[in-house]
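One structure is given below, encoded as structure tokens.
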Amino acid sequence: MELAHKIFVAPFWEMSGAPDLFLQVLWEGFVAGTLYSLIALGFVLIFKASGVFNFAQGIMVVFGALSLVGLHQLGVPAWVALALCIGIMFVLAWTVERVVLRPLVNQPDIILFMATIGLSSFLIGLGEFIFGGEPKTMITAELGLPSGAIDFAVAGGFVSLQKIDIAAAVMSAVLVTVLAVFFHKTRIGRALRAVADDHQAAMSVGITLQQIWVIVWFAAGIVALATGIMWGARSDVSFALEIVALKALPVLILGGFTSIPGAIVGGLIIGITEKLAEFYWGPLVGGSIETWIPYFIALLFLWFRPQGLFGEKIIERV
Amino acid sequence: MFYREAGQFKTDYRSDMAVFPILQDRIAIGAILALMFIVVPLVANDFWLNTIFIPTLIFSLAAIGLNILTGYCGQLSLGTGGFMGVGAYSCYKLTSIFPDVNIIIHILASGFFAAGVGVIFGIPSLRIKGFYLAVATLASQFFLEWSFGRIPWLYNYNDSGAIDGVNRSLFGIALTEPYGTPAFQYLVVLSIVVFLTWIASNLVRGRYGRAWMAVRDMDIAAELIGIKLLRTKLLAFAISSYYAGVAGAMMVFLSLGSAEVEVFDIFNASFPILFMVIIGGLGSLIGSFMGAAFITVLPILIRGAPSLFGFEIHAATGEHVQLMMVGGLIIFFLIVEPHGLARLWQIAKQKLRLWPFPY
Amino acid sequence: MKLAKLTLGIAVGAMASTGIAMTSAPGAYAAETLYIPLLTYRTGAYAGSGTPVANGMHDYLTMLNERDGGIGGIKITIEECETGYKASKGVECYESTKGKGALVYNPYSTGITLQLIPKAPEDKIPVLSMGYGLSAAAVGEKFPWTFNAPATYWGQASAIIKYIKAQEKGALKGKKIGFIYLDVGYGREPLPIFEALSKEMGFTFIKIPVAGKEMQNQSSQWLQVRKHRPDWMIMWGWGSMNPTAIKEAAKIKFPMDKFIGVWWSGGDDDARPAGKAAIGYKSVNFHGTGANYPAMQDIIKHVVSKGKSQVKDVSKVGENLYNRGVMNSVVMAEAIRNAQKITGKKNITGEDMRKGLETLNITAARLKEIGLEGFTNPMKITCNDHSGGHPMYIQKWNGKNWERASDWITPMKDKVRALLEAAANKYVADKKGWKTQKCS
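Note that the protein sequences, when read in sequence, are chains A, B and C. Following this note's numbering, the numbering of the first sequence begins with 1 at its first residue and continues without gaps. Following this note's numbering, the numbering of the second sequence begins with 319 at its first residue and continues without gaps. Following this note's numbering, the numbering of the third sequence begins with 678 at its first residue and continues without gaps.
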């Protein structure tokens, strides 16, 4: 009885008792969620266009941020470093297509998946080899990102919004909009959607598959760089960030591997529910349930919709 | 010339269905076993046994487990580390609850706990497939990791939170790490691995193995020819987790000596074992051994290589280069031989059949 | 087919060269050398804390080689082995170096320490876990081969409580003290003493674990802190957890001067990323910071400026965790000298090293001699107390570097000792055939 009360009544009582904390938890969940969405977005872009489950997306987040800070430490001005990093992401995309994807075309999915795990190991080594293994501080001020917080008085307490978090949310929104416009209004974007629908049909109307792959990997790289900057500003830039990037996986199964809106909505659902769960129910079992709660939420959804929130219906034939 | 099966006639079904129908194979396997059981413990020093042979054998067992699930039954799993952990922690609890029972029985029994947990976390596989399932298995991995750290009963309320210091002997000789000698530990590990591999090889070519392969190739078609998906998939999860569990228990008590949760986490256990299975060859038992040897030896080799050529590199730089090389080599291997080392072995056998007079 | 052949060739070649590499690798070093393997980590999630420590340890020993030609006329052979803070790698490093005549191991990871503790008596190589590892190992009768001077985590925890009590003018009753920790063996280590003290002194103890995976994603943990409104926060963090925690503490407007980190949460790179917000953040320490010591200047002169160190930027010499590494090497070097003196041998073994550590006595005069006057409190290890429970102090981050914020604080020795002995007995109880020693 007491346990039931603790699980089903007390947390909600607590929520209404301290609305400022409740709002703050929601906000933190929202910010974490936008960043999860961005990482998931990178996965989705690549999976849609090439059917590759790109495990290296998390590493690309770190690699992008690390190159940016590393170049800056070598004396390159921040904005030039940013431009160079975008260049690096392009080179990376091109190299991956040439060296990894092209020779492995038509192999089973699991082989390509393995190759991306190999790629992530390679990128960790390369990043640390060039820039050193010690964590670095993100160059927020140099990039003109805001710092400090805006406080609101709410019901006897306060809700504090970090400016950097607001910037992260705004930037994610802009990035998603730009990508959406790019995919819907440009020639390349249309080609890309054609590839996502059917490789063979796309090739038969004269779309170069390899070129499209380079473009999606590049787009995923830019998304990764943006995520890296934002998350790096929240903590620091080191390869531990890769583990945070794993959080995008439940977002993926929740939202569906092929759906961009799924990645965004899924990210927000996971971000907010995991923070609420950790904050209100975590202490009952000793905390740190954030590591697995997102997966259980996602599994719960999957049980009813095996193709994810917005995924296409799977039709199987013998 | 040496590897020719011409002239070896099978006169009954029994001999045709044997594990090693070819005479040369039987001789070779006998020779390898003799080498492993007799020559290796006599020749190899502690370093070889502790850092190469014992880990390779233990990882091979875990890889066989994953191979049954992924290679034979087609269910991609990223949760092997969690199941190894279940084996290790239940073995630890068993040794403290029943201190007088033989440690070998504990190790073999702890696999059943892993199997039980595996079945529970295998249930989603009935609804979910492919990468969705792979990510879903991460739920078990993270939940189990969390439980190992969060339930103090599992580690006997130790202040350190680690499981360690089980001193048990076999035939009156100290066995468990760090009390036993590496050679003895090696022999015990080898015996268990050989025994379980023998069972696995019989499983996969029997009724269950065929059912698994049918499910792997197309589960709807398999269902149509009368294979019960629920039972088949869950059985694969159970047996796979059993192997992982036994491997986990051996890893803690016969190799590492003590363990914290991070030994079984995704980057230390689940991924490397998946690598072993893929590099070794999906759906091949001998490939599991080759893959395990490759992934275990490669980093040690890369670390030792510079001093071999007479120049020093810094430990950290070595680590970076090693990560790059492991990653690069994995991609390389996948490109040149996506079917793994086992396939290379088959090609080699094919060549040997004709050698030295190819057409 | 060609590619397959090539692969086959590479595979065979690889196997063959492994054979060669392996047979040549474990060869022992020339007899006349002091071989010290350093298990360090400059990669992975904990590199931020691991790198300066590794540099400090390495550079002081190198300096002794360059300046004095080693210890007692014998050169030191230093071999770093990268563990990445992973227990399995640590054991691999241990196995690959123990055969070369290793004198002592510094695991720099509680997980690896726990694995080496039972191995040490079997291989007769002592483990020096300086200010970390298993607290109970301080009981020398039960753990003859493990040393954790200058103080255990439990001693440190009691010193922090003592400090807080002094700040609160002697009354802790009804106060709330929060404890945020990395949820691994290391972070859980001090829980028993905090819980015991909270019962005794009447403060509320709130524990907030941070999973290793969530190190850089601590917002819900700190909201938990905001909910409970503790009067003081104590942190047991390592690697990327530290800078993230300090940033999050600033976010919830937790007063920095009431936030105290363990001595492993006191890196310069832990406080710096939070900028101005980190000013006032405190951490425990047991040695000096900065490079204003003759020995440190010697390191700069003989090692860093000659390019024999991994440190490129001289300003890194003298950072807190760098000095921690130096301190570690000082303890090793003094123990070696002591062992040479006791045994009369120049070329000592692991067993001699154990004796050297067990009778180690670094006096204030000795510290002055080696150019580290006032660097740390004099240190003495005895047979039954392998930690010594030496005093420590609280330091404060001023935005640029650490400055001293308290006098030397001695841990609550009597209380801690009783708990340590109970824990040591418990550790030994379920281990058949554990080797103990008698202390007169």
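Glycine residues also receive a C-beta, built at the ideal position from the N, C-alpha and C atoms.
* To do: Find the residues of chain B that neighbour G118 (chain A), judging by a C-beta separation of less than 9 Å, and give them in chain order.
  => Chain B residues near G118 (chain A): F593, V644, G645, G646, L647, I648, I649, F650, F651, L652.
* Asked: Using a C-beta to C-beta distance shorter than 8 Å, which residues of chain B count as neighbours of Q987 (chain C)?
  -> Neighbourhood of Q987 (chain C) in chain B, by CB distance below 8 Å: H632, A634, in chain order.
* Just the Cα atoms here: how many angstroms apart are T881 (chain C) and D165 (chain A)? -> When rounded, the distance between both Cα atoms is 33 Å.
* Are the C-beta atoms of R1031 (chain C) and some chain A residue less than 7 Å apart? -> Under the Cβ distance rule, R1031 (chain C) does not count among the residues neighbouring chain A, no pair being separated by less than 7 Å.
* Since G118 (chain A) sits in a beta bridge, which residues does DSSP pair it with? -> DSSP lists no partner for G118 (chain A).
* Beta-carbon contacts of K953 (chain C) that lie in its chain and below 7 Å, excluding the five residues immediately before and after -> G1076.
* What do you get for C1116 (chain C), buried or exposed, if any count of 16 or more other CB atoms within 10 angstroms of its CB means buried? -> It counts as exposed.
* Asked: F182 (chain A) CB to nearest chain C CB: under 7 Å?
  -> No, no contact with chain C.
* Looking only at its own chain, which residues have a Cβ that is under 6 Å from the Cβ of W1074 (chain C), when we skip the five neighbours before and after it? -> Once the five neighbours on either side are set aside, the close Cβ partners of W1074 (chain C) are A948, A955, Y958.
* Asked: What are the complete alpha helix (DSSP H) segments, minimum 4 residues, inside the segment 1052-1106 of chain C?
  -> Correct list: 1090-1106.
* Asked: If you drop the 5 nearest sequence neighbours on each side, which residues of the same chain put their C-beta closer than 7 Å to that of K1109 (chain C)?
  -> Excluding positions up to five away in sequence, the list is empty.
* To do: Count the other CB atoms, across all protein chains shown, that sit within 10 Å of the CB of L360 (chain B); report buried if there are 16 or more and exposed otherwise.
  => Per the 10 Å Cβ criterion, exposed.
* **Backbone CA spacing between M734 (chain C) and S509 (chain B) [nearest angstrom]** => Each residue's Cα considered, the two are about 43 Å apart.
* CB contact below 7 Å: V244 (chain A) versus chain C -> Flagged as an interface residue toward chain C: V244 (chain A), by a C-beta distance shorter than 7 Å.
* **C-alpha gap between A556 (chain B) and M1009 (chain C), whole angstroms** => Straight-line Cα distance between these residues: approximately 51 Å.
* Under 9 Å from the C-beta of K275 (chain A): neighbouring residues of chain C -> Annotation: Cβ neighbours of K275 (chain A) in chain C (cutoff 9 Å, chain order): S896, S897, L900.
* **chain A contact for D1107 (chain C) (CB, 7 Å cutoff)** => Chain A, which has no Cβ nearer than 7 Å to the Cβ of D1107 (chain C), makes this no.
* Since G64 (chain A) is in the alpha helix (DSSP H), which residue starts that stretch and which ends it? -> Here the alpha helix (DSSP H) through G64 (chain A) covers 57-73.
* Mind listing the chain B neighbours of A1012 (chain C)? Cutoff is C-beta to C-beta under 7 Å, in chain order. => Near A1012 (chain C) there are no residues of chain B at all, since even the closest Cβ is about 23 Å away, more than 7 Å.
* Residue range of the alpha helix (DSSP H) that includes N420 (chain B) -> Run containing N420 (chain B): none; DSSP gives neither H nor E here.
* Asked: Checking contacts by CB at 7 Å: is E142 (chain A) closer than that to chain C?
  -> So no, E142 (chain A) is outside the interface.
* What is the rounded straight-line gap between the Cα of R744 (chain C) and the Cα of G967 (chain C)? -> R744 (chain C) and G967 (chain C): Cα-Cα distance of roughly 21 Å.
* With DSSP as the reference, please indicate the residues paired to Q162 (chain A) in a beta bridge. => Q162 (chain A) is bridged to A:A149.
* Are there three or more Cβ pairs, one per stretch, closer than 8 Å when the segment 576-591 of chain B is compared with the segment 760-772 of chain C? -> With a cut-off of 8 Å, the segment 760-772 of chain C and the segment 576-591 of chain B count as touching, because enough Cβ pairs lie within range.
* CB contact check: W464 (chain B) to chain A, cutoff 7 Å -> Contact with chain A is found for W464 (chain B), since one of that chain's Cβ atoms lies less than 7 Å from the residue's Cβ.
* **Paired residues, beta bridge with A779 (chain C) - DSSP** => Under DSSP, A779 (chain C) takes part in a beta bridge, and its partners are C:Y712.
* To do: With DSSP as the reference, please indicate the residues paired to P886 (chain C) in a beta bridge.
  => In DSSP, P886 (chain C) forms a bridge with C:Y858.
* To do: Please report how far the alpha carbon of T991 (chain C) lies from the alpha carbon of L998 (chain C), in whole angstroms.
  => Checking the sequence shown, residue 991 (chain C) turns out to be Val, not Thr. Straight-line Cα distance between these residues: approximately 14 Å.
* Asked: Rounded C-beta distance between N783 (chain C) and G808 (chain C)? I'm assuming under 8 Å.
  -> A Cβ-Cβ distance of about 11 Å is found for the pair N783 (chain C) and G808 (chain C), leaving them out of contact under the 8 Å criterion.
* Span of the alpha helix (DSSP H) holding F301 (chain A)? -> F301 (chain A) -> alpha helix (DSSP H) spans 293-304.
* Asked: Which residue's Cα is closest to the Cα of D934 (chain C): C:S835, C:Q1072, C:S773, C:G1002?
  -> Of C:S835, C:Q1072, C:S773, C:G1002, the residue nearest in Cα terms is C:Q1072.
* C-beta atoms of G479 (chain B) and G788 (chain C) nearer than 7 Å -> No. Outside cutoff.
* Taking all protein chains shown into account, decide if E1046 (chain C) is buried (16 or more other Cβ within 10 angstroms of its Cβ) or exposed. => A residue is called buried once 16 or more other Cβ atoms fall within 10 Å of its Cβ, and E1046 (chain C), having fewer, is exposed.
* If Y560 (chain B) and A432 (chain B) are in contact, beta carbons under 8 Å, what's the gap, nearest whole angstrom? -> 6 Å between Cβ atoms; contact.
* To do: Return the residue from the list B:L451, B:N420, B:F439 that minimises the CA-CA distance to L493 (chain B).
  => Ranked by how close their Cα comes to the Cα of L493 (chain B), the residues B:L451, B:N420, B:F439 have B:N420 in first place.
* Taking Cβ positions only, does M892 (chain C) come closer than 7 Å to chain A? -> So, interface residue.
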